[in-house]
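Reading through the structure tokens given below for one structure.
Number of protein chains: 2
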Amino acid sequence: MSSRPSLSKGEMEVARVLWEIGAAGVREVFETLSNTSDMDYTTVQTYLRRLETKGYASSKLKGRLRIYTAKGRPGTVIRETVNDLVDRLFGGQSLPLVRHLIEDRGMSPKEIHELKVLLDQYEDDDSCDD
Amino acid sequence: MSSRPSLSKGEMEVARVLWEIGAAGVREVFETLSNTSDMDYTTVQTYLRRLETKGYASSKLKGRLRIYTAKGRPGTVIRETVNDLVDRLFGGQSLPLVRHLIEDRGMSPKEIHELKVLLDQYEDDDSCDD
DNA sequence: TCTTGAGACGTACAAATGTACGTGAGCCTA
DNA sequence: TAGGCTCACGTACATTTGTACGTCTCAAGA
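Following this line, the structure appears as structure tokens:
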């Protein structure tokens, strides 16, 4: 199915902003990014262009301003990216990653609780598969 | 401190195998990889070389065979990579990633159980920190 | 009307990445 | 000891990524 080329780090950074602020022109994305990054304006522009080429955004002119819109859900990209990471770094197993996240990055008691609830829930309506 | 260049996707795949099987020659890494990947033998070789250049592995000749050994713990690379991902994709929060992993990728009952045990344990001796 | 600033767009280019060929040396076997 | 196999290793090369310069156009103010 949707087998668009995956996003590079820089592209992802720009894409995230697009998801965050919705449809936006280069300037807006650039401004938003400049809090955390010091990418050049034209660099952002290039990324936006490439995002469109790769199928992660679409754009149209509004007057003489080109407005970019993220295409598809962030969830899709997240899934693809995480899957990729899990495959490459953990040989396809998610548990080690989860374990790493919990052990290494830590979680608040509240989060732990939340997670447990999730697991209970999941355990219930999970029945067969694998 | 250890500011070695980060690993590319392909390099990471090879690095993982090195961590997994320990010191190994190109052939072994290649064989191991061929279960999941169809990288060329010489491609693996190149990655191994680059891994060494970047400081993620060391090697020495054993007879006429070059044996590579991972340098440093996988944990370090994993941490860097995962942190990066979490920052970029989830604004620094791990829970959403964990949730994603569980919900989207699924887990076997056994894994769920394992995870719960881990959480219990973690809940207990978790006391301070953050 | 002339100037200027904002922005689009084409283009460039070095570095990193993915991929692999070819050559030459050591080793095993007929 | 000649042939073939296995490796190491140098090298190559297309693609992707990171980064940004110039140029052209439009629109608004002087």
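Protein chains in written order, with our numbering: chain H, 3 to 132; chain B, 3 to 132.
Note that the Cβ used here is the ideal one computed from N, Cα and C, for glycine as well.
Remember, predicted model here, so these are calculated numbers, not experimental data.
In its chain, beyond the 5 residues on either side, V88 and F92 have a beta carbon closer than 7 Å to the beta carbon of B:L99.
Nearest to H:E116 by C-alpha distance, out of B:M14, B:M41, B:E22 and B:R101, is B:R101. DSSP places B:K73 in the coil class of the three-state scheme, outside both helix and strand. Of all residues in the stretch 102 to 113 of chain H, those with a C-beta nearer than 8 Å to a C-beta of chain B are H102, L103, I104, E105, D106, R107, G108, M109, S110, P111 and E113, reading in chain order. Residues of the stretch 64 to 84 of chain B with a Cβ closer than 9 Å to any Cβ of chain H, in chain order: P76, G77, V79, I80, R81, T83 and V84. Straight across, the Cα-Cα distance linking H:R18 with H:G77 is about 11 Å. Per DSSP, the beta bridge partners of B:L63 are B:R68.
Between B:V16 and B:L50 a beta carbon distance of about 6 Å is seen, short of the 8 Å cut, so the two are scored as contacting. Judged by beta-carbon spacing, B:A25 lies within the 8 Å limit of B:Y70, meaning their Cβ atoms are closer than that value. Under a 10 Å Cβ-count criterion, H:V119 is classified as exposed, with fewer than 16 other Cβ atoms of the shown protein chains found around its own Cβ. By DSSP's assignment, B:G93 forms no beta bridge with any residue. Among the CB atoms of chain B, one or more fall inside 8 Å of the CB of H:E125. Taking the CA atoms as reference points, B:G12 sits about 14 Å from B:V79.
Look at H:S96: its C-beta is under 8 Å from a C-beta on chain B. A direct Cα-Cα distance of roughly 8 Å separates H:M41 from H:F32. For B:I23 against H:Y124, the beta-carbon gap comes to about 33 Å, at or over 8 Å, which does not count as contact. The straight-line gap separating the alpha-carbon atoms of H:M14 and B:Y43 is approximately 31 Å.
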